[in-house]
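*Asks:* Below are the structure tokens for one structure; questions will follow.
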Amino acid sequence: MKRKTSLPAVFLIPPLIVLAILAFVPTIAAVNIALQNRELSFPNSSYVWLSNFIDLFGDRRFINAIWISVIWEVVTVTATMLVAVLLAIFLFERASPRMQNLISILFIIPVMLPRVSAAFVWKFMFNPLFGLINYPIKLLTGAPIDFLSLPATALASVAVVDVWQWGLFFSVIILKLLQTLPPQPFEAARLDNAKTWEVHFYIGIPMLGAPLISLVFVKMVESLRAFDLIYVMTRGGPGIATETLDMYAFSQGFVEAGKISYASSMAVLMMVATIIAFTVLWKWVRKWQ
Amino acid sequence: MAVKSKSPVSKLVLAGLVIIAVFPIFWVFLNSFKQLVDIVSTTPKFFFTPTLDNYIYVLGRENVQHGLINSIVIAGSSVLIGAALGIPAAYAVARYPNRFSDDIQFFVLSLRFLPPVAVAIPLIAIWLDLGLYDTRTALIITYTLLTMSTIIWLSIPAFSRVPREIEEAAIVDGYGPYAVFFKVALPVAAKSLIGAVIFSFILVWNEFLIALMLTTSDAKTLPIIASEFTLLGRNVPWGILNASVIVLSLPPLIFVGVMSGFINSALKKKD
Chain A
611 MKRKTSLPAV
621 FLIPPLIVLA
631 ILAFVPTIAA
641 VNIALQNREL
651 SFPNSSYVWL
661 SNFIDLFGDR
671 RFINAIWISV
681 IWEVVTVTAT
691 MLVAVLLAIF
701 LFERASPRMQ
711 NLISILFIIP
721 VMLPRVSAAF
731 VWKFMFNPLF
741 GLINYPIKLL
751 TGAPIDFLSL
761 PATALASVAV
771 VDVWQWGLFF
781 SVIILKLLQT
791 LPPQPFEAAR
801 LDNAKTWEVH
811 FYIGIPMLGA
821 PLISLVFVKM
831 VESLRAFDLI
841 YVMTRGGPGI
851 ATETLDMYAF
861 SQGFVEAGKI
871 SYASSMAVLM
881 MVATIIAFTV
891 LWKWVRKWQ
Chain B
317 MAVKSKSPVS
327 KLVLAGLVII
337 AVFPIFWVFL
347 NSFKQLVDIV
357 STTPKFFFTP
367 TLDNYIYVLG
377 RENVQHGLIN
387 SIVIAGSSVL
397 IGAALGIPAA
407 YAVARYPNRF
417 SDDIQFFVLS
427 LRFLPPVAVA
437 IPLIAIWLDL
447 GLYDTRTALI
457 ITYTLLTMST
467 IIWLSIPAFS
477 RVPREIEEAA
487 IVDGYGPYAV
497 FFKVALPVAA
507 KSLIGAVIFS
517 FILVWNEFLI
527 ALMLTTSDAK
537 TLPIIASEFT
547 LLGRNVPWGI
557 LNASVIVLSL
567 PPLIFVGVMS
577 GFINSALKKK
587 D
């Protein structure tokens, strides 16, 4: 493989050109559209430069959407990692190897479902009339709780679905990682009469530091793709209680107004923010590995 | 390892976990065979007279059939293009490292950071201007970005795991670089590559936001059609909704089944 060959050029250049076109044309177009005042229902448009961006920062619904997005990101990433680590340790300690293999398969099912399906599955579960979650609540209190229509519980209920999908999946990955760790440090700690949680907290988790941080990174990227869940379960409601940035951009650009330039300026801000954040994070993650 | 204690409490917790993981899906599966009266009963019904009406209704609807064909054509084409371009690219990155390799890998990964809504909104305008809005072509091209980057990303490790000795032996036997790729690396890495290809298929099969924004009628995919069943009239047709959720979820579920088959056969060999 040391000889001169055309293979790398032939194999690499066409795909990279295609990828670059597919990635850069929409991004550049997004910036271009964001600087205009284009609307879907009018054919004419002209450049208004930064006025869309200036309007955004006076738009309270936009500020609300930033908050909801940040809350969503923090809550789902933290909850997913907590659930995944605790479940993995529990399975590692208390399940037989055969049971571990069976559960590994079952726990992957939720994350493979289309998000639209996952959202419907739980929309049925939360239903105040016949949702399974509401049967015990009705028995105890006499009245159902409409989780998805209450501002206080709507976002948390959607987050449950996200954690159901990703927390279970990550617990399988962490379980597999725990199985690959050398047993000696664990045995040494046990001989010193360390408790199970101490063994994992002080030895297991630190040994898995680098892969765990990679998982956090993956989840942060995936949490940005919550649109399907929120669209099916609450449509951003009640009111704007679950309206994330992509939901708001969608409704501005597509549903309510067709203000595609205004929506595009939001998209540009999201793009810049995520690319900066994830590039910095990624370089930082790589240093750890 | 310490002795694994299997107290009844931990067995109970295990059972609870399994129920949380799969029971919601199983419940939708049961409901999809129920008449409406059995679904909206005051207590959950586990025993009922099953009916196929929901499936007959769902599969008989023209827009569902149309969406199904759209989904198959769009996901299938974008995966084929993505694989044809992405698998060779991944091989070149894995086997012919150069000073750009790291940058190429980071570029491919960074495509995953792009918020889908940021891609979809400008594409509405672009496809409208080109007269391709709401066509399968537009979605196939857009999805190729997803499938290609995913396939490259997953195939690089697949090729890196192919033992170098095998490829070097082939070169000694007089194989050229292309023959090494097609006749040696590709077959040896086939299993992982198929996994990567199927995974990217599931990814675009499940995709929702971009399809929602780039289609209005002709090119609608199955997830969009399924999400619209809630809008049918004033009475929500719960049984039909449940059936459409099951139909939509079948390809990924089959994939998990196939994967678990792989895992089982791998385990059996070890015994």
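Chains as they are written, first to last, in our numbering: chain A, 611 to 899; chain B, 317 to 587. C-beta atoms are modelled at their ideal positions from N, C-alpha and C, and glycine is treated no differently. Fair warning: this is a prediction, and the values are worked out from it, not measured in the lab.
#1: From what residue to what residue does the alpha helix (DSSP H) around F422(B) run?
#2: How would you call K553(A), buried or exposed, if buried means at least 16 neighbouring beta carbons within 10 angstroms?
#3: Looking at the C-beta of W343(B), does it have a partner C-beta in chain A at a distance below 9 Å?
#4: According to DSSP, is Q646(A) helix, strand or coil?
#5: Closer than 8 Å, Cβ to Cβ, to anything on chain A: give me those residues from the segment 391-411 of chain B, in chain order.
#6: In whole angstroms, give me the CA-to-CA distance for V828(A) and L750(A).
#7: Flag N558(B) as yes if its beta-carbon sits less than 9 Å from any beta-carbon of chain A, otherwise no.
#8: Please report the straight-line C-alpha distance between V389(B) and R452(B), rounded to a whole angstrom.
#9: For Y657(A), name the three-state secondary structure that DSSP assigns.
#10: Residues of chain A with a CB under 8 Å from the CB of W521(B): which are they?
#11: Can you have a look at P792(A) and say buried or exposed, based on whether 16 or more other CB atoms are within 10 angstroms of its CB?
#12: Here's the rule: buried if 16 or more other CB atoms are within 10 angstroms of the residue's CB, otherwise exposed. What is D838(A)?
#13: Expressed to the nearest angstrom, what Euclidean distance is found between the alpha-carbon atoms of G402(B) and S824(A)?
#14: In angstroms with no decimal places, state the Cα-to-Cα distance between T532(B) and L444(B).
#15: Interface residues of chain B around D665(A) at Cβ under 8 Å?
#16: Considering only the alpha carbon of each residue, which of V693(A), T854(A), T889(A) lies closest to M876(A)?
#17: For F796(A), count the other beta carbons within 10 Å of its own beta carbon; 16 or more makes it buried, fewer makes it exposed. Which is it?
#18: For chain E, find out if any of its Cβ atoms is closer than 9 Å to the Cβ of A764(A); answer yes or no.
#19: Of the choices P821(A), P754(A), E808(A), M722(A), whose alpha-carbon is the least far from that of L778(A)?
#20: For the segment 487-509 of chain B, enumerate the residues whose C-beta is nearer than 9 Å to any C-beta of chain A, in chain order.
#21: Going by the beta-carbon positions, is the gap between N347(B) and G555(B) smaller than 9 Å?
#22: Give the interface partners of F517(B) over in chain A, defined as CB-CB distance under 9 Å, in chain order.
#23: Counting Cβ pairs closer than 8 Å, one from the segment 512-520 of chain B and one from the segment 425-445 of chain B, do we hit at least three?
#24: Whose Cβ in chain A lies nearer than 8 Å to the Cβ of S348(B)?
#25: For R835(A), does the three-state DSSP call read helix, strand or coil?
#26: Using only the alpha-carbon positions, how far apart do V641(A) and N662(A) sit?
#27: Does chain A have any CB closer than 9 Å to the CB of K585(B)?
#28: Contact check, L901(A) vs V334(B) under 8 Å by CB: the rounded distance?
#29: Taking the alpha-carbon positions, what's the V685(A) to V695(A) distance?
#30: Does Q794(A) pass the burial test, meaning 16 or more other C-beta atoms within 10 Å, or should it be called exposed?
#31: Residues in the same chain with beta-carbon distance under 7 Å from Q775(A), minus the five sequence neighbours each way, listed in chain order, please.
#32: Check whether chain A comes within 9 Å of F363(B), counting only Cβ atoms and requiring the distance to be less than that.
#33: Report the neighbours of T460(B) on chain A: residues whose CB is nearer than 8 Å to its CB, in chain order.
#34: Can you tell which of P340(B), T466(B), I472(B) has the C-alpha that lies nearest to the C-alpha of L275(B)?
#35: What does S357(B) touch in chain A if you count any residue whose Cβ is under 9 Å from its own?
*Replies:* If we stick to the structure as given:
#1: Here residue 422(B) corresponds to residue number 106 of the second sequence, with the count starting at 1. 417-426 is the span of the alpha helix (DSSP H), which, as asked, contains F422(B).
#2: For chain A, the structure presents residues 611 to 899; residue 553(A) sits outside this window and is missing.
#3: Residue 343(B) sits at position 27 when you count from the first residue of the second sequence. Chain A has a Cβ within less than 9 Å of the Cβ of W343(B).
#4: The residue you call residue 646(A) lines up with position 36 of the first sequence. Strand, per DSSP.
#5: Residues passing the 8 Å Cβ filter: L401, G402, P404, A405, Y407, A408, V409, R411.
#6: Reading the first sequence from its first residue, position 218 is the one you call residue 828(A). Reading the first sequence from its first residue, position 140 is the one you call residue 750(A). Inter-residue distance for V828(A) and L750(A) is about 40 Å (C-alpha atoms, whole angstroms).
#7: Counted from its first residue, the second sequence places residue 558(B) at position 242. True, the Cβ-Cβ gap to chain A drops below 9 Å.
#8: Reading the second sequence from its first residue, position 73 is the one you call residue 389(B). Reading the second sequence from its first residue, position 136 is the one you call residue 452(B). Their backbone Cα atoms lie some 8 Å apart in a straight line.
#9: Taking the first residue of the first sequence as position 1, residue 657(A) is located at position 47. Correct three-state label for Y657(A): strand.
#10: Counted from its first residue, the second sequence places residue 521(B) at position 205. Per Cβ cutoff of 8 Å: P724.
#11: In the first sequence, residue 792(A) corresponds to position 182, counting from 1. Around the beta-carbon of P792(A), fewer than 16 other beta-carbon atoms lie within 10 Å, marking it exposed.
#12: Here residue 838(A) refers to the residue found at position 228 of the first sequence. If you draw a 10 Å sphere on the C-beta of D838(A), you find 16 or more other C-beta atoms in it, and that means buried.
#13: Residue mapping note: residue 402(B) aligns to position 86 of the second sequence, counting from 1. Residue mapping note: residue 824(A) aligns to position 214 of the first sequence, counting from 1. Straight through space, the alpha carbons of S824(A) and G402(B) are spaced by roughly 24 Å.
#14: Here residue 532(B) corresponds to residue number 216 of the second sequence, with the count starting at 1. Here residue 444(B) corresponds to residue number 128 of the second sequence, with the count starting at 1. A straight-line Cα-Cα distance of about 12 Å links T532(B) and L444(B).
#15: In the first sequence, counting from the first residue as 1, residue 665(A) sits at position 55. Those do not exist, as D665(A) stays about 16 Å from chain B at its closest Cβ, beyond 8 Å.
#16: As a position in the first sequence, residue 876(A) is number 266, starting the count at 1. Cα-wise, what sits closest to M876(A) is T854(A).
#17: The count along the first sequence starts at 1 and reaches residue 796(A) at position 186. Buried, by the Cβ-count rule.
#18: Looking at the structure shown, chain E is missing, and the protein chains on hand are A and B.
#19: Within the first sequence, the letter at position 168 stands for residue 778(A). Relative to the Cα of L778(A), the nearest Cα in the group P821(A), P754(A), E808(A), M722(A) belongs to M722(A).
#20: Those residues of the segment 487-509 of chain B that come within reach of chain A (Cβ to Cβ, closer than 9 Å) are I487, G492, P493, Y494, V496, F497.
#21: Taking the second sequence and counting its residues from 1, one reaches residue 347(B) at position 31. Taking the second sequence and counting its residues from 1, one reaches residue 555(B) at position 239. Yes.
#22: For this step, residue 517(B) is matched to residue 201 along the second sequence. Those do not exist, as F517(B) stays about 12 Å from chain A at its closest Cβ, beyond 9 Å.
#23: Under the 8 Å Cβ criterion, the segment 512-520 of chain B does not count as touching the segment 425-445 of chain B, having fewer than three qualifying pairs.
#24: Locating residue 348(B) in the second sequence gives position 32, counting from the first residue. Going along chain A, no residue has its Cβ under 8 Å from S348(B), so there is no contact; the nearest lies around 11 Å.
#25: Locating residue 835(A) in the first sequence gives position 225, where the first residue counts as 1. DSSP places R835(A) in coil when its eight states are reduced to three.
#26: As a working note, residue 641(A) is residue 31 in the first sequence. As a working note, residue 662(A) is residue 52 in the first sequence. The straight-line gap separating the alpha-carbon atoms of V641(A) and N662(A) is approximately 11 Å.
#27: Locating residue 585(B) in the second sequence gives position 269, where the first residue counts as 1. Any reading at K585(B) must be qualified, since the residue scores a pLDDT of 48, below 50, and its modelled position is unreliable; no value is offered.
#28: There is simply no residue 901(A) to check, as chain A begins at 611 and stops at 899 in what is shown.
#29: Within the first sequence, residue 685(A) is the residue found at index 75, counting from 1. Within the first sequence, residue 695(A) is the residue found at index 85, counting from 1. The straight-line gap from Cα to Cα measures roughly 15 Å.
#30: Counting from 1 along the first sequence, the entry for residue 794(A) is found at position 184. Q794(A) comes out exposed.
#31: For this step, residue 775(A) is matched to residue 165 along the first sequence. The residues are P720, V721, A728.
#32: Translated into positions along the second sequence, residue 363(B) becomes position 47. It does not; no Cβ of chain A falls within 9 Å.
#33: Taking the first residue of the second sequence as 1, we reach residue 460(B) at position 144. Think of a sphere of 8 Å around the beta carbon of T460(B): the chain A residues whose beta carbon falls inside it are V628, L632, in chain order.
#34: This structure leaves residue 275(B) out entirely; chain B is present only between 317 and 587.
#35: Counting from one through the second sequence, the residue named residue 357(B) turns up at place 41. Within chain A, the residues placing a beta-carbon under 9 Å from that of S357(B) are F740, ordered along the chain.
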